[in-house]
Amino acid sequence: MMISGAVLLLLLISTITPKSTGVVVTDCGACHVNATCSSSQGAKEEIVTCSCKAGFVGDGLACSLPRSKRSSGPDSNQNSVLFSCGGVACPAGQDCLTVNGNEQCLDPCQDYSRLDDAWRATDFRDGSLRCDRNLNWQGWYRLFLGDASVQMPERCVDKNMCGTHAPLWLNTSHPAPSDGIVQSRVCGHWGNDCCQFPSNPIHVRACPGNYFVYKFVDPTICHSAYCADVNTAVCGTCREDETCVSEDKVNWRCERRERPIFPDPELVCGRSILQVGLDRAVLEAGGLDVSSAHLADSRCTEHQESRGIVWFHVEHREGSCGTQLRTNATHATYSNTLFVYPVTVGNRSFNAPESFPFSCSYPLDSQTSLDVAIRPYLEEAKSVGLGSRARAAMFIYRNANYTDPYSVGPVVLPLGSALHVGVSVEEDDLNGFAVILEECYATPSADPEDPERFFLIQNRCPSDRRLVKVEPSGPSLPGRFSAFLSLFTGDYDDVFLHCSLSMCDHTQASCSQ
Numbered sequence: 446m447m448i449s450g451a452v453l454l455l456l457l458i459s460t461i462t463p464k465s466t467g468v469v470v471t472d473c474g475a476c477h478v479n480a481t482c483s484s485s486q487g488a489k490e491e492i493v494t495c496s497c498k499a500g501f502v503g504d505g506l507a508c509s510l511p512r513s514k515r516s517s518g519p520d521s522n523q524n525s526v527l528f529s530c531g532g533v534a535c536p537a538g539q540d541c542l543t544v545n546g547n548e549q550c551l552d553p554c555q556d557y558s559r560l561d562d563a564w565r566a567t568d569f570r571d572g573s574l575r576c577d578r579n580l581n582w583q584g585w586y587r588l589f590l591g592d593a594s595v596q597m598p599e600r601c602v603d604k605n606m607c608g609t610h611a612p613l614w615l616n617t618s619h620p621a622p623s624d625g626i627v628q629s630r631v632c633g634h635w636g637n638d639c640c641q642f643p644s645n646p647i648h649v650r651a652c653p654g655n656y657f658v659y660k661f662v663d664p665t666i667c668h669s670a671y672c673a674d675v676n677t678a679v680c681g682t683c684r685e686d687e688t689c690v691s692e693d694k695v696n697w698r699c700e701r702r703e704r705p706i707f708p709d710p711e712l713v714c715g716r717s718i719l720q721v722g723l724d725r726a727v728l729e730a731g732g733l734d735v736s737s738a739h740l741a742d743s744r745c746t747e748h749q750e751s752r753g754i755v756w757f758h759v760e761h762r763e764g765s766c767g768t769q770l771r772t773n774a775t776h777a778t779y780s781n782t783l784f785v786y787p788v789t790v791g792n793r794s795f796n797a798p799e800s801f802p803f804s805c806s807y808p809l810d811s812q813t814s815l816d817v818a819i820r821p822y823l824e825e826a827k828s829v830g831l832g833s834r835a836r837a838a839m840f841i842y843r844n845a846n847y848t849d850p851y852s853v854g855p856v857v858l859p860l861g862s863a864l865h866v867g868v869s870v871e872e873d874d875l876n877g878f879a880v881i882l883e884e885c886y887a888t889p890s891a892d893p894e895d896p897e898r899f900f901l902i903q904n905r906c907p908s909d910r911r912l913v914k915v916e917p918s919g920p921s922l923p924g925r926f927s928a929f930l931s932l933f934t935g936d937y938d939d940v941f942l943h944c945s946l947s948m949c950d951h952t953q954a955s956c957s958q
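The numbers in the sequence shown follow the numbering used here, run straight up by one, and end at 958.
Below, the structure is given as structure tokens:
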């Protein structure tokens, strides 16, 4: 027999008295995990109340850490709830669940039970009555109708539907994944009032993959039951980049989701290390899994965290973790990309990552590590034949005519510049002799005996004709050659040039450069 609306309302009101402490419920199962349940004898029946434990705030149906201890990112929902296990707060979006007798913090998106009663459909009506009280609800549930994943209705459902008298519907919108776990109001429709029976609040979590999980509790009255909205079956078909939307809460459709806009990463361009940092809270709010991040080379996953920023390091070197080097006339630019994947749920592991490209540009003409100082070097060369040792001098010229030498002191030139070098003998009595450059080489120090050498001329010949050109020698002419400036010694320190020379009678056949 159907109970009248007036009698049902009376059953609810009779459990509430002004003398009770905490929130009055019909069963201890409605209390939050961080609440205590107590009972006292009322005038006519036992009164059950929920109160938050010490250190938590709330009404007993939902208990959380004080706001000063809660994480609130820029997109956080103020209804978000944090749970704890053994006095230790769980991360946002996780609940304290019991697995094999042990309590641990788990994401309910990955640890839920299937609730697939066909009679819960919003279009289901028959003569049998069901009630969700005293069902020993445990943990979290995901709603299904057949094989279709559905959700609770966000609209008033006609009474006597969903296989019960007062169908229960969600009186708040479903949360977004970035909201974590939220507390939501539940209403039961009876009579002419869509919320004739405000039921115990439940917790709801939005999951990657366009579905929701619910932490159901006993409703306040019988006969009432949680509904599954048959119109939301389409939501389970939405792609990863879509969300399920509805203007009237009746007709639902998949709509392309606007990609979250992440701020540019923090970047530190050091002399030898490039550092890129991302805000953990922002990434997680956007549904990304920080632990999945890697650089262009997927093997480069090492990172450090400081004050909520996750830092990745890569060497200032081409090829390091996939780093690419591009140069132009003024800058050398090192580029890489950081990839972060969405949170993996169930078998949905093939998800496109979010990419964060970054680059560091170093000016070739001002960065100390890229300066190249060519300093004129005066060397006493070995003489050929008898007599006193001749003195020789070396100069660098601005042009290929060897007419405009640089002044004494450091010469700063960009890579690829042409060096025009002249070596002459400072002896008046050697007129008519030709200067032959036996060998010329570059060293990182002013010491001509430095073992680290890059040869430009060996055995009177250019070591590489693409880079070095030796001018023909002649009587009373200096030895001359041109070379393109490169990293002779492998780095960007000062470079010193040295030459060994000989002099010969230009009339002899063997006297040639």
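All C-beta atoms, glycine included, are put in the ideal place defined by N, C-alpha and C. If you're wondering where the values come from, they're calculated on a predicted model, not measured in any experiment.
Note the first and the last residue of the continuous alpha helix (DSSP H) segment covering leucine 728.
Segment 725 to 730, the alpha helix (DSSP H) holding leucine 728.
Can you tell me whether proline 646 is buried or exposed, with buried defined as 16 or more other CB within 10 angstroms of its CB?
With 16 or more Cβ atoms within 10 Å of its Cβ, proline 646 is classed as buried.
What are the start and end residues of each continuous beta strand (DSSP E) run of 3 or more residues lying completely inside the segment 556 to 591, in chain order?
DSSP assignment within the segment 556 to 591 yields the following whole beta strand (DSSP E) runs of 3 residues or more, N-terminal first: 558 to 560, 586 to 590.
Sheet register partners of glutamate 703 (DSSP bridge):
DSSP lists no partner for glutamate 703.
Whole angstroms is fine: what's the gap from arginine 637's alpha carbon to proline 643's?
Correcting the residue type first, residue 637 is asparagine in the shown sequence and not arginine. Cα-Cα distance, rounded: 14 Å.
Helix, strand or coil at serine 765 [DSSP, three-state]
Here serine 765 sits in helix by DSSP.
Residue from Gln641, Gly654, Ser736 with nearest C-alpha to glutamate 750
Nearest of Gln641, Gly654, Ser736 to glutamate 750, Cα basis: Ser736.
Go through its chain and collect everything with a Cβ distance to valine 788's Cβ below 6 Å, but skip five positions before and after it.
Counting only Cβ-Cβ distances below 6 Å, and skipping sequence neighbours, we find Pro653, Gly732, Asp734.
How would you write the range of the beta strand (DSSP E) that cysteine 805 sits in, first residue to last?
Start and end: 799 to 808.
Does the distance from the CB of arginine 611 to the CB of isoleucine 666 come in under 8 Å?
For the sequence presented, residue 611 should be read as alanine rather than arginine. The answer is yes: Cβ separation under 8 Å.
Taking only three categories from DSSP, how would you classify aspartate 892?
Three-state DSSP puts aspartate 892 in coil, outside helix and strand.
What residues match up with aspartate 638 in a beta bridge as DSSP calls it?
Paired residues: Trp635.
Could you give the distance in angstroms between the alpha-carbon of aspartate 624 and the alpha-carbon of valine 533?
Looking at the two C-alpha atoms, the distance is approximately 21 Å.
Burial state of cysteine 906 (16 or more Cβ within 10 Å):
With fewer than 16 other CB atoms across the displayed protein chains lying within 10 angstroms of its CB, cysteine 906 is exposed.
Rounded to whole angstroms, what's the CA-CA distance from valine 452 to tryptophan 635? Just pull it up for me.
Confidence at valine 452 is low in this model, with a pLDDT of 32, below 50, so the placement of that residue should be treated as unreliable; the coordinate-derived value is given next. When rounded, the distance between both Cα atoms is 12 Å.
Endpoints, beta strand (DSSP E) assigned at leucine 551
Looking at the DSSP string, the run of the beta strand (DSSP E) that includes leucine 551 is 547 to 551.
8 Å CB neighbourhood of alanine 928 in its chain, flanking five on each side removed:
Same-chain partners within the cutoff: Ala863, Leu864, Val866, Leu901, Leu912, Val913, Lys914.
Would DSSP call aspartate 936 helix, strand or coil?
Note: aspartate 936 maps to coil in three-state DSSP.
So which of Cys885, Thr481, Gly861 has the shortest CA-CA distance to glycine 924?
For glycine 924, the closest alpha carbon among the candidates Cys885, Thr481, Gly861 is that of Cys885.
Measure the CB-CB distance between valine 602 and valine 675 and report whether it falls below 8 Å.
In this structure, valine 602 lies away from valine 675, with their beta-carbon atoms at least 8 Å apart.
First and last residue of the uninterrupted beta strand (DSSP E) at phenylalanine 840
From DSSP, the beta strand (DSSP E) with phenylalanine 840 extends over 837 to 842.
Which term fits valine 544, buried or exposed, when burial requires 16 or more other beta carbons within 10 angstroms of its beta carbon?
The C-beta of valine 544 has fewer than 16 other C-beta atoms within 10 Å across all chains shown, which makes the residue exposed.
Within its chain, find whatever has a CB closer than 6 Å to the CB of valine 690; leave out the 5 residues flanking it on each side and keep chain order.
These residues qualify, in order along the chain: Glu700.
For threonine 772, is the classification buried or exposed, using 16 other Cβ atoms within 10 angstroms of its Cβ as the cut-off for buried?
If you draw a 10 Å sphere on the C-beta of threonine 772, you find fewer than 16 other C-beta atoms in it, and that means exposed.
I'd like to know whether the C-beta atoms of proline 664 and arginine 578 end up nearer to each other than 8 Å.
For proline 664 and arginine 578, yes; Cβs fall inside 8 Å.
Let me know the secondary structure DSSP gives asparagine 696 once reduced to three states.
Correct three-state label for asparagine 696: coil.
Helix, strand or coil at glycine 532 according to DSSP, with G and I counted as helix:
The three-state reading of DSSP puts glycine 532 in coil, since its state is none of H, G, I, E or B.
Quick one, are the C-beta atoms of arginine 630 and threonine 609 less than 8 Å apart?
The Cβ atoms of arginine 630 and threonine 609 do not sit closer than 8 Å to each other.
If I'm right that glutamate 881 touches cysteine 949 with Cβ under 8 Å, what's the distance once you round it to whole angstroms?
Note that residue 881 corresponds to isoleucine in the displayed sequence, not to glutamate. Right, the Cβ-Cβ distance comes to about 6 Å (below 8 Å), so this counts as a contact.
Do valine 649 and valine 679 come within 8 Å of each other at the CB atom, strictly closer than that value?
Taking C-beta atoms as the reference points, valine 679 and valine 649 fail to come closer than 8 Å.
Expressed to the nearest angstrom, what Euclidean distance is found between the alpha-carbon atoms of leucine 542 and glutamate 760?
Distance between the alpha carbons of leucine 542 and glutamate 760: 43 Å.
For alanine 678, the three-state DSSP class (helix, strand or coil)
Three-state DSSP puts alanine 678 in a helix.
Should leucine 613 and alanine 670 be called a contact, given that it needs their Cβ atoms to be closer than 8 Å?
Yes, Cβ-Cβ distance for leucine 613 and alanine 670 is below 8 Å.
For aspartate 568, I'd like the list of residues in its chain whose CB is within less than 6 Å of its CB, leaving aside the five on either flank, ordered along the chain.
The beta carbon of aspartate 568 lies closer than 6 Å to those of Val675 in the same chain, with the five residues before and after it left out.
Terminal residues of the beta strand (DSSP E) in which arginine 925 lies:
DSSP places arginine 925 in the uninterrupted beta strand (DSSP E) bounded by 924 to 929.
Residue nearest to leucine 712 in terms of C-alpha spacing, selected from Phe899, Phe757, Gln769
Measuring from the Cα of leucine 712, the nearest candidate turns out to be Phe757.
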